[in-house]
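A.B. asks:
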Amino acid sequence: IRKIVLPVARPGLVAAGIFCFLVSWNEFIFALILTGTPSAQTIPVIISGFLAQLRFYDYGPMFAASVLAVIPPVVIALAFQGYLVRGMLSGSIKG
């Protein structure tokens with residue numbers, strides 16, 4: 106089974122894993138509700154805290170934090186781009 110099924114299913118599994126990571130990376134509501142201490146807060150909750158703490162919008166730190174929050178998903182998507190495309194196309198090609 107490992108020599109037949111796993112090589113065929115690997116691109117689909119990697120694509121599903123990337124999609125799960127991207128969806129869980131941006132779960133704002135759960136992170137906002139479930140994190141009680143500031144040390145346990147995720148990056149999107151911290152970025153929204155910039156707006157809640159300041160009466161004026163300090164866009165510099167907010168944009169810098171946003172860029173830092175975007176870097177890991179982009180790097181992962183670029184690293185596994187071949188698996189992602191093969192996983193999405195594996196069910197659409199006949200033969």
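As numbered in our numbering, the sequence shown has no gaps in its residue numbers, which increase by one up to the final residue, 200.
Every residue, glycine too, gets a C-beta built ideally from N, C-alpha and C.
What number of angstroms, rounded off, separates the C-alpha of arginine 115 from the C-alpha of proline 177?
C.D. replies: Cα to Cα, arginine 115 sits roughly 22 Å from proline 177.
A.B. asks: Quick check on the DSSP output: the alpha helix (DSSP H) that includes serine 144 runs from which residue to which?
C.D. replies: Careful: serine 144 lies outside any alpha helix (DSSP H) and carries neither H nor E.
A.B. asks: Out of Gly154, Asn131 and Glu132, which has the shortest C-alpha to C-alpha gap to threonine 142?
C.D. replies: Comparing Cα-Cα distances from threonine 142 to each of Gly154, Asn131 and Glu132, the minimum goes to Gly154.
A.B. asks: Check this for me: beta carbons of alanine 136 and threonine 147, under 8 Å apart or not?
C.D. replies: Their beta carbons are under 8 Å apart, which means alanine 136 touches threonine 147 by this criterion.
A.B. asks: For a quick check, are the C-beta atoms of asparagine 131 and proline 112 less than 8 Å apart?
C.D. replies: Taking 8 Å as the Cβ cut-off, asparagine 131 and proline 112 do not qualify as a contacting pair.
A.B. asks: Does DSSP classify tyrosine 164 as helix, strand or coil?
C.D. replies: In the structure shown, tyrosine 164 sits in a helix (DSSP, three-state: H, G or I).
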